[in-house]
Amino acid sequence: MNFKNFKSSCVPLPVDNVDTDQVIPARFLKATSKEGFGENLFRDWRYGSDGSPNPDFVLNNPNYKGEVLVAGKNFGCGSSREHAAWAIAGYGFKVVISSFFADIFKGNALNNGILPIQVEASFLQQLFEKIEANPGTEIAINLEKQMLKVLGTTLETGFEINPYKKICLLKGYDDIDYILSQKEAIEDYEKKQVLAI
Amino acid sequence: MKIKQPKILFEKIWDKHLVQSKDGYPDLLYIDRQYIHEVTSPQAFDGLRKRGLPVARPERTTATADHNVPTKNQHLPIEDLLSKFQVETLEKNCREFGVELYSLGHQKQGIVHVIGPELGFTQPGMTIVCGDSHTYTHGAFGAIAFGIGTSQVEQVLATQCLLQYKPKSMKIEINGKLGKGVLSKDIILYIISQITAAGGTGHFVEYCGSAIRRLSMEARMTICNMSIEMGARGGMIAPDETTYAFLKGKEHAPKGEDWEKAVAYWRSLPTDEGASYDTEYIFEAADIEPMITYGTNPGMGIGISQNIPKIAKNSSPTDMEKALSYMGLKEQQSLLGKKIDYVFIGSCTNSRIEDLRLVANFVQGKKKANGVNVWIVPGSKKVEAQARNEGLHEIFQEAGFDLRQPGCSACLAMNEDKVPAGKYCVSTSNRNFEGRQGPGARTFLVSPIMAAAAAVTGEITDVRELL
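As they're listed, the protein sequences go chains D and G.
For the first sequence, the working numbering assigns the number 1 to the initial residue and increments by one for each residue that follows.
For the second sequence, the working numbering assigns the number 1001 to the initial residue and increments by one for each residue that follows.
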C-alpha cells in the first residue's frame, strides 16, 4: 500500500476517546504472532456476550464499508498495545481519520503501514455529516501532496505527516532497516559515551 | 567564552543519549535498558529471527512474566493454554537470545515496573523502554522512561536504539502538605481530572514542588506511573537524596567507587536555574482530597466529597452519558454509600510494600464486609516475602482478604482474576475503561487506603471518616 492514488468509502465511528482496550480487549493479547487480530477488532462493541453481532454497531451495518475508519478525537488512547494497530490493519482498514490521535497509537499505526490522518475538528464534523447523509461517500488521498478530498463535494484538506514516515510509507521502508544502516554511528556513540549498565 | 544554556532534566538526558539527529528525521536515541514481558515480545523476537539478527545488547535487557500469570498456585502449570504458551514462548526466546529472565517461579519475579526499581536496574539519567504504557513508572528516578509498541521492542532488541521525535516539555508543580488520608495516588488522579485524559499529549512531564519532594520513592512511582493517563509522552521526577538512599545497596546499583561517581553524575541532572518548559501548571496539595473515578477514563475523577458533575449541554453525547450509563450511575449523584462487590489492591501503580503496609495498618482488627471479594496482589515475590516477614499476611487473613501471588492480575484481567459483568470493583490500579477488568466490569479507581475502607464497609467510603 503506497497511498499514491488511494480512494475508498468510509466507516464512521463518531465516538471520542476510543481507547485501545475497546479496539482490542486484553484477553486477545495472548497471541504470539501478528495474525488474526482483525476478527476481534472492537470485539465487545461488535458482539454481545453471547457472541451474536450487535446490530447497532457500525461494523455490523452493511451500509458502511471501506478501508477508511473515521473516528472521534483522541482515538487510540490508553494502553500502548500495538495489537490495536494489528487489529485495525487485520480488519482491512488502511487509513484512520480523526481530529486527534494518541501518540503511542499513532506511532504504532505508522509502523504498521496504516496512515493516521489528523484533520481539524470542524472538517471531521463535516465529514461525519456527509457520510451520514450518504453512506457511500468516498475520500481520495494523495500522500505525496498530503491532500485529502471528499469526492463529490468541495470538502478537502491538507494534512501533516512527518517527512521520515512519509518516505517510509511511500517506499515501503522499515524503521529497523534504516537504523541498521546507521550501525557505524551507533558503535561510535558506544565508544565515546560512558553509560551505566 | 561559550555560554552554557540552562537545560531541564529531560533535555540533559535526551541530549546525552543522542546517537544522531538529522533534519526531517526522528532522533536516534540510545537506550540504556529495555524491560521485556511475555505479551509484547513474542512478535519482536520472531522478527529478529526472520532478519537473522541477535539481540544487540542482551546485558541491557531484562525480562519477566507478569501480565498473563495466575496469582494462585504459581507452582503448578498455568491452566489457561494460551497464557501458558505465551510464557513458555518468552522463556524459549530468552534462552535462545541470552536475555536474563525472571519468570514464574523465580524468587525475584514480579510486575516489570516493580522489579526493575527493586533490583536497582532503574537509575537516574537513564533512557528506559518497555512494551507497556506504564513504563513511565521508572521516571520517578529521574530517568526518561516510556512505553513502546512491539515493532519498537524489536527495534531496540536489534539495535539498542530507538527512533523518536523529541516531545515538548511540561512542568507540573505541586506545593504544600497533603491532608490526612490523602496519598500520592490522589495527587495524580487529581491532576488528570484537572488536565483531562488528553491534556498531556505531546508533552513529557516533570513533576516538582515541595509536595513531590516529601514523597517516598514508591509514592513517586505511583505518580509517574499514571502519566500516560493524561496522554503524556512521559512523567519524571528529578533525583534527590531520597532517590540515592533508595538505590544504595540495591543488587544492580553501582557499588564502591562506581557508586560515588554515579551519585556525583546524578546530582548534576536536576533542571538548571533559568531553564524553561513549553507548558506549566501549578497545584496546591491542600486542594486535594481522597479521589475516586466515576466514569470510563481516568480523567473522570472527583474528590470523594464531591458529586458526579452535570453532563455539559454541548459535550459529545457519547462521552459522559455513555460512561454513566455503563457505570450505572447518574449525573450529580454522590458516590458515597454505593455498594460494591470487589476490591482489588494491586497493579504497578500501587502494589509495593508501602501500599501493603498502609492497607494492613488500616485494616488491623477489622474484617471485610459481607459479600465483598478482596484481592491483594503484591507487585513482586520480594514484596510478598517482605509482607510475610512483617506479619502483614496474618492481618490480611484475619480480615478475610485474599492475599495472592505477584502479577498484573485484575488490573487488565488477562488471567483468571476477572470482575464479572455488571459488578463494581474498587481498584488501586490505573485504568477504568469499559471492560478493563473483565467484559462489563465497572471500575472505581482509588488509593490503597480508600480501597481498604471500601473493603471494610462494603461501600464507597470517605476513608478520612475512619482514620
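The C-beta atom is built at its ideal place from N, Cα and C for all residues, glycine as well.
As assigned by DSSP and simplified to three states, the class of G/Ala1145 = On the second sequence, position 145 is the one that residue 1145 of chain G refers to. Strand.
key: Same chain only: Cβ atoms within 8 Å of G/Ile1376, ignoring 5 sequence neighbours per side   = As a first step, residue 1376 of chain G is located in the second sequence; it is residue number 376 there, counting from the start. The answer, listed in chain order, is Ile1345, Gly1346, Leu1356, Val1359, Phe1396, Phe1401, Asp1402, Leu1403, Arg1404.
request  = Could you tell me which uninterrupted beta strand (DSSP E) segments, each at least 3 residues in length, are contained entirely in the segment 1153-1193 of chain G, listed from first to last along the chain?
outcome  = 1161-1164, 1168-1175
ask   = Is there a Cβ from chain G that is less than 7 Å from the Cβ of D/Ala102?
value = Translated into positions along the first sequence, residue 102 of chain D becomes position 102. Taking Cβ atoms only, chain G reaches closer than 7 Å to D/Ala102, which makes this a yes.
inquiry  = If you follow the beta strand (DSSP E) that D/Phe6 is in, where does it begin and where does it stop?
reply    = Here residue 6 of chain D is taken as the residue at index 6 of the first sequence, counted from 1. That run of the beta strand (DSSP E) goes 6-13.
request  = Starting from G/Gln1386, follow the alpha helix (DSSP H) in both directions and report where the run begins and ends.
outcome  = Here residue 1386 of chain G refers to the residue found at position 386 of the second sequence. It spans 1381-1389 - the alpha helix (DSSP H) in which G/Gln1386 sits, taken as one unbroken run.
inquiry  = I want to verify the contact list: residues of chain G whose CB lies under 9 Å from the CB of D/Asn112, in sequence order.
reply    = Position 112 of the first sequence holds residue 112 of chain D. The answer, in chain order, is Gly1149, Ser1151.
inquiry  = Considering just the uninterrupted stretch of the beta strand (DSSP E) at G/Pro1117, what are its terminal residues?
reply    = Along the second sequence, one-based indexing puts residue 1117 of chain G at 117. Where G/Pro1117 is concerned, there is no enclosing beta strand (DSSP E), although the alpha helix (DSSP H) it sits in stretches over 1112-1118.
key: Runs of beta strand (DSSP E) lying entirely within the segment 1401-1429 of chain G, each at least 3 residues, in chain order   = 1424-1427
request  = Kindly list the residues whose CB is nearer than 8 Å to the CB of D/Asp175, restricted to its own chain and excluding five residues on each side of it in sequence; keep chain order.
outcome  = For this step, residue 175 of chain D is matched to residue 175 along the first sequence. Around D/Asp175: Asn111, Cys168.
key: Nearest-angstrom beta carbon gap, D/Asn17 and G/Ala1441 [assumed within contact, 8 Å]   = On the second sequence, residue 1441 of chain G is found 441 positions in, with the first residue counted as 1. On the first sequence, residue 17 of chain D is found 17 positions in, with the first residue counted as 1. Not confirmed; about 18 Å, so no contact.
request  = Show which residues of chain G have a CB atom less than 8 Å away from the CB atom of D/Ala185.
outcome  = In the first sequence, the residue the question calls residue 185 of chain D occupies position 185. Within 8 Å Cβ-Cβ: Val1019, Gln1020, Leu1028.
query = According to the Cβ coordinates, are G/Gln1107 and G/Lys1381 closer than 7 Å?
reply = Here the question's residue 1107 of chain G lines up with position 107 in the second sequence. Here the question's residue 1381 of chain G lines up with position 381 in the second sequence. For G/Gln1107 and G/Lys1381, yes; Cβs fall inside 7 Å.
message = Does any residue of chain G have a CB that is nearer than 7 Å to the CB of D/Leu170?
response = Here residue 170 of chain D refers to the residue found at position 170 of the first sequence. Output row for D/Leu170: interface = no.
key: Beta-carbon contacts of G/Tyr1190 that lie in its chain and below 6 Å, excluding the five residues immediately before and after   = Along the second sequence, one-based indexing puts residue 1190 of chain G at 190. Excluding positions up to five away in sequence, the list reads Ile1288, Met1291.
query = Taking the C-alpha atoms as reference points, what is the distance between G/Ser1429 and G/Cys1411?
reply = On the second sequence, residue 1429 of chain G is found 429 positions in, with the first residue counted as 1. On the second sequence, residue 1411 of chain G is found 411 positions in, with the first residue counted as 1. Using only the alpha carbons, I get a separation of about 6 Å.
inquiry  = Which same chain residues end up closer than 7 Å to G/Asp1272 when comparing Cβ atoms and leaving out the 5 residues on each side of it in sequence?
reply    = Position 272 of the second sequence, counting from 1, holds the residue named residue 1272 of chain G. Excluding positions up to five away in sequence, the list reads Pro1006, Lys1007.
task = Could you name the residues of chain D that G/Leu1412 contacts, counting a contact when the two beta carbons are closer than 7 Å?
result = Position 412 of the second sequence, counted from the start, is the residue given in the question as residue 1412 of chain G. Within chain D, the residues near G/Leu1412 are Ala26.
request  = Quick one: list the residues of chain G neighbouring D/Gln182, beta-carbon separation under 9 Å, in chain order.
outcome  = Here residue 182 of chain D is taken as the residue at index 182 of the first sequence, counted from 1. Within 9 Å Cβ-Cβ: Val1019, Gln1020, Leu1028, Thr1159, Cys1161.
request  = May I ask which residues mark the beginning and end of the beta strand (DSSP E) holding G/Glu1257?
outcome  = Position 257 of the second sequence, counting from 1, holds the residue named residue 1257 of chain G. Taken as a continuous stretch (DSSP letters only), G/Glu1257 belongs to no beta strand (DSSP E), being part of the alpha helix (DSSP H) at 1256-1266.
inquiry  = According to DSSP, simplified to helix, strand and coil, what is D/Gly158?
reply    = Locating residue 158 of chain D in the first sequence gives position 158, where the first residue counts as 1. Here D/Gly158 sits in strand by DSSP.
task = Could you tell me whether the Cβ of D/Tyr47 comes closer than 7 Å to any Cβ of chain G?
result = Within the first sequence, the letter at position 47 stands for residue 47 of chain D. D/Tyr47 does not count as touching chain G.
query = Tell me which same chain residues have a C-beta within less than 8 Å of the C-beta of G/Ser1409, skipping the five on either side of it?
reply = Residue 1409 of chain G sits at position 409 when you count from the first residue of the second sequence. Thr1071, Phe1344, Gly1346, Ser1347, Trp1375, Val1377, Asn1415, Asp1417, listed in sequence order.
inquiry  = Under 6 Å: does the beta carbon of G/Leu1076 sit that close to some heavy atom of the ligand ATP?
reply    = The ligand content of the structure shown is nil, which means the ligand ATP is not present either.
Within 7 Å, strictly: CB atoms of D/Pro55 and G/Gly1435 = Residue mapping note: residue 55 of chain D aligns to position 55 of the first sequence, counting from 1. Residue mapping note: residue 1435 of chain G aligns to position 435 of the second sequence, counting from 1. For D/Pro55 and G/Gly1435, no; Cβs fall outside 7 Å.
inquiry  = Between which two residues does the beta strand (DSSP E) holding G/Arg1442 run?
reply    = By one-based count along the second sequence, residue 1442 of chain G stands at place 442. Per DSSP, G/Arg1442 belongs to the beta strand (DSSP E) from 1442-1445.
inquiry  = Quick check: the Cα distance between G/Gly1249 and D/Lys30, rounded to an integer number of angstroms?
reply    = Within the second sequence, numbered from 1, the residue matching residue 1249 of chain G stands at position 249. Within the first sequence, numbered from 1, the residue matching residue 30 of chain D stands at position 30. Going from the Cα of G/Gly1249 to the Cα of D/Lys30 covers about 37 Å.
query = Just to confirm, are G/Asn1225 and G/Thr1137 a CB contact at a threshold of 7 Å?
reply = Along the second sequence, one-based indexing puts residue 1225 of chain G at 225. Along the second sequence, one-based indexing puts residue 1137 of chain G at 137. Yes. Within cutoff.
request  = With 7 Å as the threshold, decide whether the Cβ of D/Pro163 is near any Cβ in chain G.
outcome  = As a working note, residue 163 of chain D is residue 163 in the first sequence. Answer yes: the Cβ-Cβ gap between D/Pro163 and chain G drops below 7 Å somewhere.
Within chain G, partners of D/Thr32 - CB distance below 8 Å = Within the first sequence, numbered from 1, the residue matching residue 32 of chain D stands at position 32. Pro1042, Gln1043, Asp1046, Phe1085, Gln1086, Thr1089, listed in chain order.
key: Spatially closest choice to G/Val1055 from G/Thr1150, G/Val1205, G/Ala1044, by CA coordinates   = The sequence position of residue 1055 of chain G within the second sequence is 55, counting from 1. Nearest of G/Thr1150, G/Val1205, G/Ala1044 to G/Val1055, Cα basis: G/Ala1044.
query = From D/His83 to D/Phe37, what does the alpha carbon distance come to, in whole angstroms?
reply = As a first step, residue 83 of chain D must be located in the first sequence, where it is residue number 83. As a first step, residue 37 of chain D must be located in the first sequence, where it is residue number 37. D/His83 and D/Phe37: Cα-Cα distance of roughly 7 Å.
query = Exposed or buried, G/Gly1047, counting other C-beta atoms within 10 Å across all chains shown (16 or more means buried)?
reply = Here residue 1047 of chain G refers to the residue found at position 47 of the second sequence. With 16 or more Cβ atoms within 10 Å of its Cβ, G/Gly1047 is classed as buried.
task = Run down chain G in chain order and give the residues with a C-beta less than 8 Å from the C-beta of D/Cys10.
result = On the first sequence, position 10 is the one that residue 10 of chain D refers to. Correct list: empty, because the minimum Cβ distance to chain G is about 18 Å.
task = Could you work out which residues of chain D lie near G/Asn1432, taking near to mean beta carbons separated by less than 7 Å?
result = Along the second sequence, one-based indexing puts residue 1432 of chain G at 432. Near G/Asn1432 there are no residues of chain D at all, since even the closest Cβ is about 10 Å away, more than 7 Å.
message = Within a Cβ cutoff of 6 Å, which residues of the same chain sit near G/Asp1462, ignoring the five residues on either side of it in sequence?
response = As a working mapping, residue 1462 of chain G is identified with position 462 in the second sequence. Only Ile1304 meet the Cβ criterion.
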